[in-house]
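Trainee: Here it is: the structure, laid out below.
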C-alpha cells in the first residue's frame, strides 16, 4: 500500500521538493497519531518493546519503519541502516 501511495505522489508531485514535503508530512502524521502505514508494525507495540530496548532497522529505506517503531515503542532505541546513499537524506529527516 505504501509503495502505491509513494508512486502516486511521485507522479502527481513532479517536483522532488513537493514530494519530500508531502512525504515528511505523512511520516509526521503517522508518528503523532501512532498509526503506522503498515498494520503489521503494531505487533511490535503489543510485544511490550519500549524503554531501553534496542531495535535494529536493517534496510531502512526512507525511515518508514523507524517512524512506526518510535511511535509504537516509546523509549526504545532504534538504529537504522540503509546501504543506498540516495536514501540517506530522507532517513536523516526521521532521525
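In this note's numbering, the protein residues as written are 12 to 106.
C-beta atoms are modelled at their ideal positions from N, C-alpha and C, and glycine is treated no differently.
Remember, predicted model here, so these are calculated numbers, not experimental data.
(1) Residues bridged to residue 91 by DSSP?
(2) Excluding the 5 residues flanking residue 61 on each side, which residues of the same chain have their C-beta closer than 7 Å to its C-beta?
(3) Identify which residue in 42, 37, 18 and 33 has its Cα closest to the Cα of residue 81.
(4) Contact check, residue 77 vs residue 105 under 8 Å by CB: the rounded distance?
(5) From which residue to which residue does the alpha helix (DSSP H) around residue 102 run?
Mentor: Inspection of the coordinates gives the following:
(1) Residue pairing for residue 91: DSSP places it in a beta bridge opposite 68.
(2) So the qualifying residues of the chain are 84, 85, 86 and 87.
(3) 42
(4) 5 Å
(5) 99–105
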